[in-house]
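A.B. asks:
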């Protein structure tokens, strides 16, 4: 993988020389995600290009993040003429009903909270097979990226931790467990104030936890792993 | 992983097969930790040997875990103890599961930029690619056995849906088939591919529900 042989024209991922059969591995996994029952993916799949052109009340300006839980766009909400962050899932063929359900639960969990250090949810909706929600746009960057650029003074770091602890406590008081708190899910605004986001793995007290990236499972398994050798 | 649980001969054979299949990610992790090829080979073989001795994959099932995460956590623990003992793992310890030829052949082909990827990232990336390779190899073998290798070679590119690939009409003309026949053939191939992919992942997770999460994890790993 010293150099990408090429870039996939479908998803933009790098395709390296060691890709099995020389085909884009990301796309192959996405194909695998589609339901075995789908007779013809293309029939119901809106193209990304068409969705980007016309997304109802939202004009999509640029992609600002993506991951297993969807794609986040910087967008303009036409009716209120304001800039928001718009998280969308279902634009491609790999979003299954189970994932859409989890996506909706994320929106509901975050929307049930009203706290200055939690990114507010404005609107939840569906459009042409895609599920979306709009939220406040925090443009200062993710805490991990900010901390990599320059060290955070100890006093400021302590203040951030205290504010986040109070924020998490507030969420817990309202029965919401975030379950994926990490620097990448903490956004800093222009004033350096922290905002907790990405409730994609959140759940109500007592619900079963189900992590997308194996992080929770890994934490559990660490204990198991220590017994070997 | 369902077949690899328990203590029967079959379970042991299934576990050995899983180890042989997924040695490349583990070996890559050990190499990225700074061990020389010979040391990494010995450590990887010894790790497998001890894993098979313990036969404790039941723990993974009990904790709703994934073989991928379990093996990595176990390997890290094994390496930390190996370091503590100042590498008392001896050459040839345990019955080698992976042939030296396989290790060396793959070693030469390894192309990750070691200065850019962490050991964990190399492991995750290789795991995803190994799994995909397994599936495509089996799929290719099925087409070869049916005397349809040229069809596989043309249709595999359509699985990824990249633009710029030959259309089904062009493939039909090239292979002297009707366009409808190619469409049907592709539909069957895609269906079979999904089945095989999901089955392969199911061998490495405790619950069928985890298959989808593993797929999403692989996409995220390979995208970044």
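Protein chains in written order, with our numbering: chain A, 1 to 229; chain B, 1001 to 1224. Each residue gets a CB set at the ideal place from its N, CA and C atoms; glycine is no exception.
(1) If you scan the region 98 to 179 of chain A from start to end, which runs of the alpha helix (DSSP H) of 4 or more residues do you find wholly inside it?
(2) Are the C-beta atoms of residue 1219(B) and some chain A residue less than 9 Å apart?
(3) Quick one: does residue 29(A) have its CB under 9 Å from some CB of chain B?
(4) Nearest to residue 1143(B) by alpha carbon, out of 1166(B), 1132(B), 1156(B) and 1131(B)?
(5) Please report the straight-line C-alpha distance between residue 1021(B) and residue 1126(B), rounded to a whole angstrom.
(6) With DSSP as the reference, label residue 1081(B) as helix, strand or coil.
(7) If we cut at 9 Å on Cβ distances, does residue 1018(B) have a partner in chain A?
(8) What would DSSP say about residue 1117(B), mapped onto helix, strand or coil?
(9) Got a sec? Which residues, its chain only, sit under 8 Å from residue 219(A) by beta carbon, not counting five neighbours each side?
(10) Classify residue 1120(B) as buried or exposed, calling it buried when 16 or more other Cβ atoms lie within 10 Å of its own Cβ.
(11) Can you name the start and end residues of the beta strand (DSSP E) that residue 87(A) belongs to?
(12) Residues of chain A with CB under 7 Å from residue 1159(B), in chain order?
(13) So that I know if they touch, is there some Cβ in chain A lying closer than 9 Å to that of residue 1175(B)?
(14) So, helix, strand or coil for residue 1187(B), using DSSP?
(15) Taking C-beta to C-beta, are residue 1029(B) and residue 1067(B) nearer than 9 Å?
(16) Please identify, using Cβ separations under 8 Å, the residues of the region 1041 to 1052 of chain B that lie next to chain E, in order along the chain.
(17) Give the straight-line distance between the Cα atoms of residue 7(A) and residue 16(A), rounded to the nearest whole angstrom.
(18) Listing by chain order, which chain B residues have their CB less than 9 Å from the CB of residue 116(A)?
(19) Between residue 124(A) and the ligand NAD, is there a pair consisting of the residue's CB and a ligand heavy atom that are separated by less than 8 Å?
(20) Got a sec? Which residues, its chain only, sit under 7 Å from residue 1151(B) by beta carbon, not counting five neighbours each side?
(21) Which whole-angstrom value is the C-beta distance of residue 174(A) and residue 113(A), which I expect to be below 8 Å?
(22) Going by CA-CA distance only, name the one from 1040(B), 1158(B), 1081(B) and 1203(B) that's closest to residue 1023(B).
(23) For residue 1172(B), does the count of other Cβ atoms within 10 angstroms reach 16, so buried, or fall short, so exposed?
(24) For residue 1219(B), does the three-state DSSP call read helix, strand or coil?
(25) Under a three-way DSSP split, which group does residue 36(A) fall into?
(26) Between which two residues does the beta strand (DSSP E) containing residue 186(A) stretch?
(27) Taking Cβ-Cβ distances shorter than 8 Å, what residues in chain A pair up with residue 1208(B)?
(28) Can you name the residues of chain B whose CB is closer than 8 Å to the CB of residue 183(A)?
(29) Only counting the same chain, and skipping five residues up and downstream in sequence, which positions put a Cβ closer than 7 Å to that of residue 57(A)?
(30) According to the neighbour-count rule (16 or more other Cβ atoms, all chains shown, within 10 Å of its Cβ), is residue 1200(B) buried or exposed?
(31) Going by C-alpha distance, which of 1208(B), 1044(B) and 1203(B) is nearest residue 1014(B)?
(32) State yes or no: is the beta carbon of residue 1185(B) nearer than 9 Å to at least one beta carbon in chain A?
(33) Give me the subset of the region 7 to 18 of chain A whose CB atoms are less than 8 Å from a CB atom of chain B, sorted by chain position.
(34) Return the Cβ separation of residue 1139(B) and residue 1192(B) in integer angstroms, given the expectation that the two are a contact with Cβ distance under 8 Å.
(35) If the cut is a Cβ gap below 8 Å, which residues of chain B does residue 34(A) touch?
(36) Would a check of beta-carbon distances place residue 1035(B) closer than 9 Å to chain A?
C.D. replies: Per the coordinate set shown:
(1) 143 to 149 and 154 to 173
(2) yes
(3) yes
(4) 1156(B)
(5) 11 Å
(6) Residue 1081(B): helix per DSSP, three-state reduction.
(7) By this cut-off, residue 1018(B) is not an interface position.
(8) coil
(9) In this prediction, residue 219(A) scores a pLDDT of 26, lower than 50, which makes its location untrustworthy; no coordinate-derived value is stated.
(10) Exposed.
(11) 82 to 89
(12) 23, 28 and 31
(13) no
(14) helix
(15) no
(16) Here chain E cannot be found, since the structure's protein chains are A and B.
(17) 9 Å
(18) Simply none; closest approach about 30 Å.
(19) The ligand NAD is absent from the structure shown, which contains no ligands of any kind.
(20) 1143, 1175 and 1185
(21) 6 Å
(22) 1040(B)
(23) Residue 1172(B) sits buried, since 16 or more C-beta atoms from the chains shown fall within 10 Å of its C-beta.
(24) helix
(25) Only weak support exists for where residue 36(A) lies, its pLDDT of 47 falling under 50; the coordinates are left without a value.
(26) 186 to 188
(27) Per Cβ cutoff of 8 Å: no residues; residue 1208(B) is ~12 Å from chain A at best.
(28) Correct list: empty, because the minimum Cβ distance to chain B is about 16 Å.
(29) Shown here for residue 57(A): same chain residues with a beta carbon closer than 7 Å to its own, the five before and five after excluded, namely 77, 78 and 79 in chain order.
(30) buried
(31) Checking every option, the nearest Cα to that of residue 1014(B) belongs to 1203(B).
(32) no
(33) 8, 9, 10, 11, 13, 16, 17 and 18
(34) Approximately 7 Å separates the beta-carbon atoms of residue 1139(B) and residue 1192(B); this is inside 8 Å, confirming the contact.
(35) 1194
(36) no
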